[in-house]
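This report concerns only the one structure given below.
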Amino acid sequence: MAIVEAVQNAMPTYVNVYIAVFRYVAPLLAALILFRALFPLLRFRREPEIWAWLCLSDGKKIPITHWENIIGRDKRSDVVIDLATISRTHAVLTRYDDGSWSISDVETAGDVLVNGKAVTVRALKKNDVITMGGLEMTLQPISAKQEKRLAQIRTKASSFGTGVTNVILLSLFQILTCIGFLMTGKAEHGTSYLMGFGGLMLSQWLLFLFYTVIRRPAFEVESVAFFLCTMGMAVICTVAPGEAVKQLISAMLGIGLFLAVLWALRDLERAKVIRYFAVVAGIAMLVATLVFGTSINGAKNWIFIRGISLQPSELSKLCFVFVGASTMDRIMTKRNIYLFIAYSVAICGCLALMSDFGAALIFFCAFLIIAYMRSGSVGTVALAVTSLVFAGVLVLKIAPHALDRFANWRHIWDDPWGAGYQQTQALMCMASGGLAGLGINQGWMRNLFAADSDVVIATVSEEWGILMAVLLILSVIALALFSVRCASMGRSSFYTIGSCTAAAILLVQVILNALGTVDVVPLTGVTFPFLSNGGSSMICAWGLLGFIKAADTRQNASFAVRLLKTRGGEADE
Amino acid sequence: MNRIAKRSFTVTLLALLLLGGFAFFLVEYAMNAPQWAVADSSPHVYDDDRFQSGTVYDRDGNILLQMQDRWTYSSDPQIRKATLHWIGDREGNIQVPAVPNYYDQVLGFDYLNGIYTYGGIGSGEGSVQLTVSAQLQSLALEQMNGRKGTIAVYNYKTGQILCAVTTPTFDPDDLPDIAADPVTYEGAYMNRFVQSAYTPGSIFKVVTLAAALEELPNAAELTFTCTGSWGGGEYPVTCESVHGTQSLKQAFCNSCNCAFAELSGILGSDVLHTYVEKFGITDPVSFDGITTAKGNFEKTENPVSLAWSSIGQYTDLVNPCAYVLFMGAIAGDGSGAMPYVVAKADDGQEGYMAQTAFSSPVISSQTAQTVQEYMRYNVTAKYGADHFPGLTVCAKTGTAEKDDGVAPTAMFTGFVMDAQYPLAFIVCVEEGGYGASTCIPIASRVLTACKQYMDS
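Residue numbers (our numbering), protein chains in the order written: chain D, 891 to 1463; chain A, 6 to 461.
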C-alpha cells in the first residue's frame, strides 16, 4: 500500500523516536481511559429506589426498595417484620415491568391471606389487605409522579460530555496504535491494520451515537470493553495480522449480541421466556459439538461450518448465565435449584466428554456462584454433594489431561526446552519488556504457540509493558466489583445473579489465562475476554458484558432499564 | 434481594483471588525479572545458545570474548584455554561461568525499560571485566603441564582472583572430541577451583593446628613423640620416618602424622568439628553467581578415624576456593576478603562494580599470627625460602592419599605476608604425587610471575 510505503520511507529515525515515545505515552493514555471509565463505576453513590410502601395496621410504613422482596422475621429479609407469628422467610413481594405487584407464599412458611383468603400467588389490586401471621397490611405503590420524581433525583450515569470524551480518547489511542503498526509493520498488512483499528473505532462511534439517540449516554463498561478489544487487535496485528478483519467482525457480532442481551433483559417477562430457549440452546450446542465437533489440541470443542470455526462451549456460557439467573419467587421454591443442579451436571458431562478442561472449570465456578447466590441455606447440602460429583467427574474423565498440566505447574523452569518452553519463553519476553515494553510490534512472542490466545498477556507485556498488563487485569477486576456494587440496588435477582455470574465468568477466565501464563495457576488454555484472538470467545465476552450492563440502575445508564413514561393503569387512578 | 446482594461477595472473593494471584506474580517478577530477561535461551538475547551482546575483558583490558554471532574468543589459543571456564563455551556445556551472571548488566536491564534501548535491544557496548589476568592464566595453565587440577591466586586484601586455572581444559576454537576421550577430558566442563572437592591431605593440618591453638591455652608448649606409627590396628597412622620428640611447631613443619593423630585425641571429634565449622572450611562460598562445592568433615567416635580425619584423610573433602579463602583469613589476621572474579559489568554507561567485602572473623588474630609464624617456619626450615625470591611465603604441603591405587593428589597452599603482595594461593595436582616436589616449583613460578605482574 502506498500509504505504508510513504510512512516507511520516512527516515528510520522517526520510527525509532515514535516507538521510544509511544512506549511511555501508551500506558499513560490507557490509564487515563480506564480511570475515566472505571472511577465512576466504583465511586457512584448507591441509593435505593423506593417502589412502594407496605402499610401495617399499626400505622408503620415500610419502604419497598426492590422489585423482588422477601418478607420475613429474618434480619436479612428485605422487609423485616419482627413478630413471632411471622416465619423467618414468609412471602415474596414482586413488582412487574408494568408496575403491577404480586405476592407469593413461600411454601414451607406460614400462610399468606389476601382479603382473608389463603393464596400461593396472587396479583395485588389496590387496597387488597394482606394478612400474614395475624398482621394486616396494605401495599401502596408509589404514584407515577413520585416515580418520575424519584428517577429525576437519582444519581446520573456519566453525561454525554464524559461519554464523548471517552470515545475520543479511545479513538486517539487507536489512531496512535495504528500509526505505530503502519510504521513498523509490513506493507502488505497495511489494510489489516487500517481495517482492524478503523473498524473498532467506527463501531464504538456508532454504538455511542446509538446510545445518544436513545438517551443512554453512559459509555463506561463499553469503554473498558473497547479498550480491551483494541489491545486484542494490537496483539493480532503483531501475531497474525491476517486475522484482524475476522476479529473485527467477531467484535461487531459481539456488540450485536450485547445489545440483544440488553434488549432481552429490558423486559423480565421476555427474559424469562428466553431463558427456556437458553436451556435448550446451552445443552444443544454442547451435544452438537460432541457429535459434529473436531478435536484441536486435545479438546474436542470446535465445529467447522463451511470454513467458519466455532467454539459452541463459549456461547453455552451465555446460555448458562440465562439459565442460572432467576427471579426471587422462583428461587424461593426449592424445586428449581434441583433442576438447575441436574442441568449443570448434564453440561459438565458434555464438557467431560469433550475433554475441555478450561471450559469445565469456568462452568464449575459459574455453577458455584449461581448455586450459592440462589440457594442460601436450603440448597447448601445439595450444593456440596453436586460439587463433589462435579469434581469427581472432572478428575475421573479429564485426569490424564489435567495431571500433565499439574505436573508442570510451578516447575516450568525444570524443563525450559520441553514442557516448560511456552511459559518460560513467555516470562523471558515479559521480563525483556520491563514496565514500558519493547515497543509496538517489536516483540518476539509472535513466534510462540498461542501467543494471541492462551499466553496473550505475555504478548501484551512484552510489547506494551507489564504496566499495560496490570491495567488490563485491574479493569476486569473493576468491572466485577461494579457488578457487586450494583447488587445492593438490584431490582430483580434475575439481574443481580446474571450480572454477578457474568462477572465471575470473566474473572475466572482472566485468572486461568493470565495467572496460568505466568505459572501462578496451571495453564489451561482459556481465553482472556475481549483480548484473546478468537471469534466465539469475543462474542461471548460481549454477551456477558450485557448482563453486567443490565444491572446498572443509575439514571440513563442502560437501555435494559426503561426510561420513565407515563403509564396508564392503577398508579394514576 | 438483600440476601442475594450479600451473597455477591463471592464475586469479590474471585476478584481478590485474581488480584492476589497477580500480585504474587509481580513479586516473583520483581525478584527474578533481570534473570528471566537474560535466561539461557531468552529469545531476544540468545542465538542458538549464545548470548548476543557485549565483550569480556581481562583485568588489563585484553579481549577474551566478543559476544556477537558465533562468539569470537581471544586470538591466543593458550588464553582461550586458560580463561574458558570463567567465560563459558559456545555450546553451553560449562555450567557455572561467572560472566552470565552479569548479562543483565551488559544489556543494561532496568525495571522500567527491560532490555529496551533506543532503536533496539541492548546498546551493544556492554562489557564485563574479569579480575584475572590473561597473561597469568596462560602461565599457570602452562605449569599444569597436561595434569589435572587447579591453581589459584587471590588477593586477600581486595578479594580479586588474580589467576585461577582449571584443567583439563580445551580450545573452543579447536574443539576436541571430548566424548571420545573420557580419560584425558575427565571433568573438562568443570571448573575445579569452584566445583570440585578434594581430599586435602596434610594441608588440612593447618585446620587442626589452628583448632588446637584456639582450644588449648598451652598448645605451643605441647610435645609429641613420633615412633613412626600411631594407633595400631588395621589402619594405623604412620609417618615416612620417625620424627622423635617434637614441639607442635616442629611437628607441623615435619607434617608429622603421628603427632597430629595424638593431638586429635586431645581435641576430640566434637571440638575439631566445631572449629571446622567455625573456620568455614566445608561451607560453600558464593560469589558472582557461583556457589562452590561443599566440603566434608565427619564426626566420628573412632579415634583412628578421627586421627585420619585430622590429617586430611578419612572422608575429608575441601573445595580449593573455600580453602584458599581460609588461607586469606589466616593471612588477614582472622578475616580475608571475599573472593570475586568479575570486576565490573555495564552496558557502556553504568552498571555493576565489584566491591571488597570481608568475611566475619573466623579465627582470633592471635591464633592467626601464630599459624602465620608456623607456616612461615615451614618455608624457611623445610621447603626453602629461595623458591620464592622477594616474597615472604607461608605455606603447607599436602599429599592426599587416594584409594584404589590412584597416585596421591599433590597439594600446596599458603599466602604471602608482604604488604605489597597480599596473595593467598592453592595448587592442586591430581595424581601429582608428593605435594612438596610437584607443587612447590609450580607455586614458585606462578607466585614469582604474580610478583612481577604486580610490580609492573
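Positions of the beta carbon are idealized from the N, C-alpha and C atoms, including for glycine. Only a predicted model underlies this, so the values are computations on that prediction, with no experimental measurement involved.
So, helix, strand or coil for residue i, using DSSP?
i: A/Q100; result: coil
i: A/P177; result: coil
i: A/W313; result: helix
i: D/E958; result: strand
i: D/G1459; result: Because D/G1459 sits at a pLDDT of 38, beneath the cut-off of 50, its placement in the model cannot be relied upon, and the point is left open.
i: D/S1216; result: coil
i: A/R381; result: helix
i: A/A454; result: helix
i: D/R1012; result: strand
i: D/P953; result: strand
i: D/T1067; result: helix
i: A/I335; result: helix
i: A/T320; result: coil
i: A/N301; result: strand
What residues from chain D crowd round residue i, counting only those whose CB sits closer than 8 Å?
i: A/F29; result: V1410
i: A/S91; result: Checking the sequence shown, residue 91 of chain A turns out to be Trp, not Ser. Result: empty, since nearest Cβ-Cβ is about 24 Å, beyond 8 Å.
i: A/D115; result: G1324
Are the beta-carbon atoms of residue i and residue j separated by less than 9 Å?
i: A/M416; j: A/A336; result: no
i: A/T171; j: A/F198; result: yes
i: A/A139; j: A/N67; result: yes
i: D/S1389; j: D/F1437; result: yes
i: A/P427; j: A/Y161; result: yes
i: A/A373; j: A/G339; result: yes
i: D/T984; j: D/S977; result: no
i: D/G1424; j: D/S1343; result: yes
i: D/P1171; j: D/L1147; result: Looking at the sequence itself, residue 1171 of chain D is Ala, so the reference to Pro does not match. No.
i: A/I286; j: A/V323; result: yes
i: D/A1242; j: D/F1210; result: no
Among the options, whose alpha-carbon lies nearest the alpha-carbon of residue i?
i: A/V290; options: A/G59, A/F284 and A/A298; result: A/A298
i: D/S1351; options: D/H1301, D/S1093, D/L1059 and D/T1407; result: D/T1407
i: D/I1058; options: D/K1046, D/P1031 and D/L1092; result: D/L1092
i: A/Y107; options: A/T60, A/G238, A/A87 and A/T361; result: A/T60
i: A/G438; options: A/V411, A/A424, A/D45 and A/Y426; result: A/V411
i: A/W91; options: A/D115, A/T122 and A/Q134; result: A/Q134
i: A/V43; options: D/N1331, D/M1335, D/I1429 and D/S1322; result: D/S1322
i: D/R913; options: D/E1110, D/E1353, D/F1257 and D/S1426; result: D/E1353
i: A/M72; options: A/Q83, A/D65, A/V104 and A/R64; result: A/V104
i: A/T250; options: A/C231, A/Y240, A/L268 and A/F257; result: A/C231
i: D/N1298; options: D/S1061, D/E1037 and D/P1412; result: D/P1412
What are the boundary residues of the alpha helix (DSSP H) that includes residue i?
i: D/I1395; result: S1383 to V1400
i: D/K1035; result: A1034 to I1043
i: D/I971; result: Here D/I971 belongs to no alpha helix (DSSP H), and DSSP marks it neither H nor E.
i: D/S1365; result: I1356 to A1377
i: A/R12; result: N7 to R12
i: D/G1323; result: Y1311 to G1323
i: D/M1085; result: G1080 to V1103
Tell me the residue span of the beta strand (DSSP E) that contains residue i.
i: D/M1027; result: L1025 to P1031
i: D/R985; result: A981 to R985
i: A/N469; result: Here chain A covers residues 6 to 461 and nothing more, so residue 469 of chain A does not appear.
i: D/W1153; result: Note, D/W1153: premise wrong, no beta strand (DSSP E); alpha helix (DSSP H) at A1134 to R1156.
i: D/R935; result: Looking at the DSSP string, D/R935 is not in any beta strand (DSSP E), and its letter there is neither H nor E.
i: A/L221; result: Element bounds for A/L221: n/a, residue is neither H nor E.
i: D/S1199; result: I1198 to L1200
i: A/F229; result: T228 to C231
i: A/F420; result: T414 to V421
i: A/Q251; result: G249 to S252
i: A/G3; result: Since the displayed chain A opens at 6 and closes at 461, residue 3 of chain A lies outside it and no answer follows.
Residues of chain A with CB under 8 Å from residue i, in chain order?
i: D/E958; result: M6
In chain A, which residues lie with their C-beta within 9 Å of the C-beta of residue i?
i: D/N906; result: Y123, G124 and G125
For a contact defined as C-beta to C-beta under 9 Å, what are the partners of residue i on chain D?
i: A/T296; result: Within 9 Å Cβ-Cβ: nothing; A/T296 doesn't reach chain D, min ~17 Å.
i: A/T17; result: A1370, L1371 and V1374
Would you say residue i faces chain E, with C-beta separation under 9 Å as the test?
i: D/S1383; result: This model lacks chain E altogether; the protein chains it does include are D and A.
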